[in-house]
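Engineer: All letters in the sequence shown, in the order written, are residues 37 to 289 by our numbering.
Sharing a structure, written as structure tokens. Questions coming.
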Amino acid sequence: MATTQHYVWAGGHFVLLISAFRYLLAWATFKTAPSWWYTASYIGALVSYCIVCQKSLGFPQPNAAWAARAASDENVQYLGLAIFWLTAKPVAVSLLPYTIFSLFHALTFTRTTVMPQILPPGPPATAGGAPTHHPLSRKLQAWVRSNYDPAMKVVAYTEIFILIRVIIGALLFRNSFFTPIIYAHFVRMRYYQSAFTREAIKRVATMIDQYINGPDMPPAVKRGWATVQSLIGRWTGTTLNAPAPPAPPTTET
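Here you go:
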């Protein structure tokens with residue numbers, strides 16, 4: 037039986053999903069949506085993430101152990117980032133990762149909580165066995181399972197795009213210079229915690245590396261990219277070099 041807290045958690049995701057869809061639709065079609073759609077999106081995120089963080093960590097405690105657990109919890113990181121986006125100058129594309137997460141949470145809630153109350157169960161798999169889930173519920177579950185990993189890859193690449201967007205935005209005075217610093221630190225934490233983020237960063241770095249090291253690229257640009265790679269490597273604690281090409285096959289003599 038779902039609890040009130042569970043319904044509030046789901047409600048936050050539905051508010052985020054609906055509000056963000058409205059705001060992003062206007063942004064993608066070069067129209068202007070009322071800013072309260074953006075605000076409502078992140079308020080929905082705060083509601084849902086506060087509940088998740090409270091369930092996993094309990095109420096805040098004034099000790100180093102709790103602070104360390106909270107700092108390494110990805111839900112806390114997304115909660116903190118949502119607070120930042122809510123108080124900073126709006127960046128429309130920042131809603132996309134939260135929207136994707138909320139889509140999967142909303143679909144799962146619909147399948148596990150809403151559908152059993154409005155759809156009849158399916159026939160038992162075996163004689164005398166327990167009823168099965170409704171076919172529509174099974175289809176929804178299969179869709180979520182098959183599309184979850186591709187969606188997380190989209191999130192990872194989107195977060196890299198957001199970082200590029202806020203860096204350019206700071207240079208063009210479209211957002212605060214503080215924004216790329218905060219977001220770069222967030223991406224750094226995602227690099228350590230998410231295999232999808234690590235793969236996305238390495239793929240993007242490889243693509244840039246192949247382009248920069250082309251025969252027509254000036255040496256100064258190549259040296260500049262090498263410096264950037266070195267700085268990123270120090271920042272992440274790893275080396276972001278393109279993978280070495282496979283060795284040519286040898287022939288026996």
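Each residue gets a CB set at the ideal place from its N, CA and C atoms; glycine is no exception.
(1) Do you know how far the Cα of P255 is from the Cα of R181?
(2) Among T233, L52, V127, W63, which one has its Cα closest to the Cα of Y23?
(3) From the DSSP output, read off the bridge partner residues of T12.
(4) When DSSP builds the beta bridges, which residues end up paired with T168?
(5) Compute the distance between the beta-carbons of M225 and Q113, then report whether it is under 9 Å.
(6) Could you check what DSSP says for R210 in three-state terms: helix, strand or coil?
(7) Using only the alpha-carbon positions, how far apart do F222 and L117 sit?
(8) Quick one, are the C-beta atoms of A104 and N211 less than 9 Å apart?
(9) So for A118, helix, strand or coil by DSSP?
(10) Suppose the cutoff is 6 Å on Cβ atoms and the five residues either side in sequence are ignored; what does the same chain contact list for P281 look like?
(11) Taking the C-alpha atoms as reference points, what is the distance between V44 and C89?
Structural biologist: Quick look at the numbers:
(1) Here the question's residue 181 lines up with position 145 in the sequence shown. Here the question's residue 255 lines up with position 219 in the sequence shown. If I take the Cα positions, the gap works out to 47 Å.
(2) Since the displayed the chain opens at 37 and closes at 289, residue 23 lies outside it and no answer follows.
(3) Residue 12 is absent from the model: the chain starts at 37 and stops at 289.
(4) Here residue 168 is taken as the residue at index 132 of the sequence shown, counted from 1. Bridge partners of T168: G158.
(5) Numbered from its first residue, the sequence shown carries residue 225 at position 189. Numbered from its first residue, the sequence shown carries residue 113 at position 77. Contact: yes.
(6) Here residue 210 refers to the residue found at position 174 when the sequence shown is read from its first residue. Three-state DSSP puts R210 in coil, outside helix and strand.
(7) For this step, residue 222 is matched to residue 186 along the sequence shown. For this step, residue 117 is matched to residue 81 along the sequence shown. Cα to Cα, the separation comes out at about 8 Å.
(8) Start at 1 with the first residue of the sequence shown, and residue 104 comes out as number 68. Start at 1 with the first residue of the sequence shown, and residue 211 comes out as number 175. The answer is no: Cβ separation not under 9 Å.
(9) Stepping through the sequence shown from its first residue, residue 118 is reached at position 82. Looking at A118 - three-state DSSP - the assignment turns out to be helix.
(10) Translated into positions along the sequence shown, residue 281 becomes position 245. With a pLDDT of only 40 at P281, under the threshold of 50, the placement of this residue in the model should not be trusted, and no figure is reported.
(11) Here residue 44 refers to the residue found at position 8 when the sequence shown is read from its first residue. Here residue 89 refers to the residue found at position 53 when the sequence shown is read from its first residue. Between V44 and C89, the C-alpha separation is close to 14 Å.
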